[in-house]
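Encoded as structure tokens, the structure appears first; notes follow it.
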Amino acid sequence: SGVPDPHIWMDVELWKKTIPVVAEALIQNDPTHAELYNQRAEAYAIELDALDQEVRKQLLAIPDNQRYLVTSHDAFNYFARSYLATDSERENGEWQARFEAPEGLAPDSQLSTSDIQKILDHLQKHKIHTLFPESNVSKASILKIISSGKALGLDLHASPHPLYGDAMGERGSAGDSYPKMLRYNAMTISEQIRQGEVASAIPVHD
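Yeah, the sequence shown ends on 221 if you go by our numbering, and it's all consecutive.
Set out below in structure tokens:
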């Protein structure tokens with residue numbers, strides 16, 4: 016659509032690049048504590064390196080043919096490119112098939128019939144069973160797609176645990192800090208995809 020995607024925090028390596036920018040702004044405003052800001056910036060960069068590897072390891076443990084994500088809106092493009100795609104997909108641009116969303120970068124659009132069909136085609140092509148709502152976005156689009164898919168005989172369900180996309184969780188929640196938010200998302204995606212695959216493999220008897 017040509018609209019810049021602002022969700023850079025979904026790729027820890029990209030988000031890490033903001034650290035020196037923030038540190039420099041703080042130092043300019045408060046030069047007396049420059050050494051402290053630099054020390055904390057360095058420590059946080061190390062923490063994010065570890066977080067990046069942790070998230071990557073957890074998600075790459077999902078079999079390649081199951082590592083697909085469908086969420087409420089386009090908040091997870093950077094996430095999919097970094098943590099769901101293969102190296103060759105990142106190089107040739109095919110990583111975009113790893114992620115789809117019924118709504119655009121701003122989660123306020125109305126779904127058209129063609130929007131729904133596009134997602135259903137994607138779900139069928141990649142044998143996706145689990146769709147992920149987001150904590151700060153209406154579930155309406157996800158539920159509409161699931162309803163339409165079930166009418167066609169597709170085995171679809173929504174994750175009972177919404178992901179954190181545009182906002183972190185409330186204080187005391189599983190996503191109340193940036194590292195916790197990323198860990199929660201990675202764990203939820205991994206667990207729900209695996210559970211969805213197991214459930215879809217169980218025959219249903221009337």
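Beta carbons: idealized from backbone N, C-alpha and C, even for Gly.
Query	Result
Excluding the five sequence neighbours on either side, which residues of its own chain have a C-beta within less than 8 Å of the C-beta of threonine 203, listed in chain order?	Phe147, Ser174, His176 and Leu178
So, with DSSP's three-state summary, where would you put tryptophan 30?	helix
My output table needs one value for phenylalanine 147: the three-state DSSP class, helix, strand or coil.	strand
At which residues does the alpha helix (DSSP H) containing leucine 63 begin and terminate?	49-75
Quick check: the Cα distance between asparagine 53 and alanine 201, rounded to an integer number of angstroms?	29 Å
Closest by CA to isoleucine 61, which one among Trp30, Lys72 and His48?	Trp30
Which residue marks the beginning of the alpha helix (DSSP H) containing histidine 141, and which one marks its end?	From DSSP, histidine 141 is part of no alpha helix (DSSP H); its letter is neither H nor E.
Look at the Cβ atom of histidine 22, then the Cβ atom of phenylalanine 114, and state whether they are nearer than 9 Å.	no
My assumption, with CB atoms under 8 Å, is that serine 97 sits in contact with aspartate 26. Please give the rounded CB distance.	4 Å
Just the Cα atoms here: how many angstroms apart are serine 163 and serine 129?	12 Å
Can you tell me the Cα-Cα spacing of serine 205 and alanine 76, whole angstroms?	8 Å
Can you say whether glycine 190 is buried or exposed, counting buried as having 16 or more other CB atoms within 10 angstroms of its CB?	buried
Between the Cα of threonine 145 and those of Ile34, Asp89 and Leu84, spot the shortest distance and give me the residue it belongs to.	Leu84
Is the beta carbon of leucine 138 closer than 9 Å to that of leucine 171?	yes
With a 10 Å radius around its C-beta and 16 neighbouring C-beta atoms as the bar for buried, classify threonine 33 as buried or exposed.	exposed
Go ahead and pull the three-state DSSP assignment for threonine 309.	Since the first residue shown for the chain is 16 and the last is 221, residue 309 is missing from the structure and cannot be characterised.
Go ahead and pull the three-state DSSP assignment for valine 152.	coil
Distance, Cα to Cα, alanine 116 vs alanine 155?	13 Å
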